[in-house]
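The block underneath contains the structure these notes are about, expressed in structure tokens.
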Amino acid sequence: MVAVAIAKRFAGFTLDVGWEAERSVVGLFGPSGAGKTLTLQCLAGLIRPDAGRIVVDGRVFFDAAAGVDLPPQRRRIGYVFQGYALFPHLTVARNVAFGLRDRPRPERARRAAEVIERLGLGGLEHRYPRELSGGQRQRVALGRALAIDPALLLLDEPLSALDAPLRRALRDELREVLTGWGTAAVVVTHDFTEAYRLADRIVVYAGGRVIQSAPRAQLLWQPASESVARIIGIRNILHGVVLKAAPDRIQLRWRGQTLEAVNSPSRAYLPPPATPIAFSIRPEYVRLIRKDRGAPDPAHHMNLMQGRIVDELDLGTTWNLKMRLDEPGEPAQGGYDLEVEVPRLVYEILEIDRDRVWQLSIHRGSIQVLPA
1 MVAVAIAKRF
11 AGFTLDVGWE
21 AERSVVGLFG
31 PSGAGKTLTL
41 QCLAGLIRPD
51 AGRIVVDGRV
61 FFDAAAGVDL
71 PPQRRRIGYV
81 FQGYALFPHL
91 TVARNVAFGL
101 RDRPRPERAR
111 RAAEVIERLG
121 LGGLEHRYPR
131 ELSGGQRQRV
141 ALGRALAIDP
151 ALLLLDEPLS
161 ALDAPLRRAL
171 RDELREVLTG
181 WGTAAVVVTH
191 DFTEAYRLAD
201 RIVVYAGGRV
211 IQSAPRAQLL
221 WQPASESVAR
231 IIGIRNILHG
241 VVLKAAPDRI
251 QLRWRGQTLE
261 AVNSPSRAYL
271 PPPATPIAFS
281 IRPEYVRLIR
291 KDRGAPDPAH
301 HMNLMQGRIV
311 DELDLGTTWN
321 LKMRLDEPGE
331 PAQGGYDLEV
341 EVPRLVYEIL
351 EIDRDRVWQL
361 SIHRGSIQVL
371 PA
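Position 289 (the sequence shown) corresponds to 289 in the numbering used here; numbering is contiguous.
As structure tokens, then:
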């Protein structure tokens with residue numbers, strides 16, 4: 001268990017955060033300057049908070065009220081820095097063994113060899129960092145951090161310096177290592193895909209505060225607010241008015257349309273009619289109605305509407321379509337109302353490049369009500 005409740009004040013910025021997580025991988029996610037790396041440095045003992053408490057697996061690392069502040073070397077923290085920060089003049093074996101300097105030489109050699117073998121670095125012991133691939137350097141940095149058998153592993157933007165193809169490959173490799181090793185870890189990133197792939201729980205930071213902490217799937221499908229939804233990159237965030245609400249469904253009025261959603265914001269609180277409300281519609285869940293199969297079937301095609309494609313973007317395997325509804329008034333998102341994402345094959349089969357007017361169907365379960 002990792003429990004963090006700390007405050008640190010600087011001129012123009014205050015970090016005041018609290019979150020807890022079981023022994024797993026935690027992702028600290030949010031925009032640059034939100035306080036993620038600062039939290040990591042407080043966990044490591046590199047920066048002393050002004051107030052609060054840090055506890056890892058029952059050990060108190062920091063407690064301002066009790067006057068406890070363990071130095072970094074007593075916290076048994078493994079730290080993987082941006083760009084890995086390997087020592088260029090040391091071999092793989094000596095880099096991995098660097099944190100074991102206080103142990104007898106035979107024990108250092110045995111532990112380094114064990115870590116090198118487990119991370120698939122066998123045969124590279126005598127190479128220098130400049131002679132390694134990006135993936136090998138990542139594993140050496142992880143090995144150096146893991147060799148001390150840390151109580152907690154900290155990773156600060158571990159993939160930020162890599163190009164996109166290598167980053168994707170090493171992200172999956174890093175997840176495999178973290179899962180296989182079983183050490184509690186905290187990963188800092190401002191890439192939501194990276195946070196979702198690496199972490200079991202994601203803590204969302206904004207302006208030095210935590211605005212949501214949740215298991216990754218819950219965060220993706222149940223963001224706590226409109227601001228969380230925007231930070232994690234959810235598209236089609238819209239605003240409507242409640243028509244009626246029940247524990248199992250809610251009806252909204254939006255752009256002249258009556259929409260029904262089956263995920264009400266809360267069973268404990270049902271918004272009364274005429275309450276303004278925010279909601280989102282995932283672009284990949286909007287369906288275009290085929291014109292060669294007769295009229296839409298109300299039993300299968302829910303929340304029907306019609307619009308025109310006013311812009312599109314080729315994303316390679318998919319197409320992103322921007323639709324403006326056939327309703328008077330200003331579009332909901334500047335020049336358009338909805339983003340729709342379709343596979344490339346569907347785009348080609350339906351000849352969307354030639355036909356720009358379509359009926360749309362939105363499943364009730366894909367309309368996500370956002371709590372106020």
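We put the CB at the ideal spot given by N, CA and C, even for glycine.
Note that the structure is a prediction, hence the values are computed from the model and not measured.
Secondary structure of residue i, DSSP reduced to three states
i       : result
Asp-311 : strand
Asn-320 : strand
Gly-78  : strand
Ser-225 : coil
Thr-91  : coil
Ala-51  : strand
Trp-180 : At residue 180 the sequence reads Gly, which differs from the Trp that was named. Gly-180: helix per DSSP, three-state reduction.
Ser-361 : strand
Ser-366 : helix
Ile-231 : helix
Ala-245 : strand
Arg-354 : coil
Arg-290 : coil
Arg-175 : helix
Val-262 : coil
Arg-167 : helix
Within 9 angstroms, strictly: CB atoms of residue i and residue j
i       : j       : result
Pro-273 : Lys-291 : no
Ile-364 : Glu-260 : For clarity, residue 364 is Arg in the given sequence; the question names Ile instead. Yes; because the gap between Cβ atoms is below 9 angstroms, this pair is in contact.
Glu-340 : Leu-313 : Looking at the sequence provided, one finds Val at residue 340 rather than Glu. The answer is no: Cβ separation not under 9 angstroms.
Glu-324 : Val-310 : Reading off the sequence shown, one finds Arg at residue 324, where the question assumed Glu. Cβ atoms of Arg-324 and Val-310: closer than 9 angstroms.
Gln-376 : Ile-232 : Since the first and last residues shown for the chain are 1 and 372, residue 376 lies out of range.
Lys-36  : Tyr-285 : no
Gly-143 : Leu-119 : yes
Ala-85  : Ile-54  : no
Val-26  : Val-186 : yes
Leu-146 : Trp-181 : yes
Gly-52  : Gly-18  : yes
Val-228 : Thr-39  : no
Leu-154 : Val-80  : yes
Leu-219 : Ala-184 : no
Gln-333 : Asn-236 : yes
Arg-75  : Phe-98  : no
Phe-29  : Ala-141 : no
Arg-94  : Asp-50  : no
Gly-316 : Arg-354 : no
Leu-121 : Arg-139 : yes
Backbone CA spacing between residue i and residue j [nearest angstrom]
i       : j       : result
Ala-224 : Pro-331 : 26 angstroms
His-89  : Ser-32  : 32 angstroms
Leu-100 : Glu-107 : 9 angstroms
Arg-137 : Val-92  : 9 angstroms
Ala-112 : Leu-270 : 58 angstroms
His-239 : Asn-303 : 16 angstroms
Ala-44  : Val-56  : 11 angstroms
Ile-6   : His-301 : 50 angstroms
Val-241 : Ala-372 : 13 angstroms
Arg-249 : Arg-23  : 36 angstroms
Arg-253 : Ala-214 : 30 angstroms
Gly-83  : Pro-165 : 16 angstroms
Glu-125 : Glu-114 : 12 angstroms
Glu-20  : Gly-256 : 44 angstroms
Ile-202 : Gln-212 : 8 angstroms
Asp-149 : Gly-78  : 8 angstroms
Pro-72  : Leu-46  : 7 angstroms
Leu-174 : Ile-116 : 15 angstroms
Gly-16  : Asp-191 : For the sequence presented, residue 16 should be read as Asp rather than Gly. Near 22 angstroms, if we compare the C-alpha coordinates of Asp-191 and Asp-16.
Leu-170 : Glu-226 : 32 angstroms
Gly-375 : Thr-14  : The requested residue 375 is not part of the displayed model; the chain covers only 1 to 372.
Proximity test, residue i beta-carbon vs the ligand ATP heavy atom, cut-off 8 angstroms
i       : result
Arg-137 : Looking for the ligand ATP in the displayed structure turns up nothing, as the structure carries no ligands at all.
Cross-strand partners of residue i (DSSP beta bridge)
i       : result
Leu-155 : Val-80, Val-187
Asp-63  : Arg-53, Val-68
His-239 : Ala-278
Val-210 : Tyr-205
Tyr-336 : Gln-333
Ile-250 : Ala-245, Ala-261
Val-342 : Trp-319
CB contact below 9 angstroms: residue i versus chain D
i       : result
Asp-353 : Considering every chain present, this structure includes no chain D. It has just one protein chain.
Checklist line | Whole runs of the alpha helix (DSSP H) within the region 92 to 142, excluding any shorter than 4 residues | finding: 92 to 96, 105 to 118
Check: Whole beta strand (DSSP E) runs in the region 1 to 30 with 3 or more residues, listed along the chain?
Finding: 2 to 10, 13 to 21, 25 to 29
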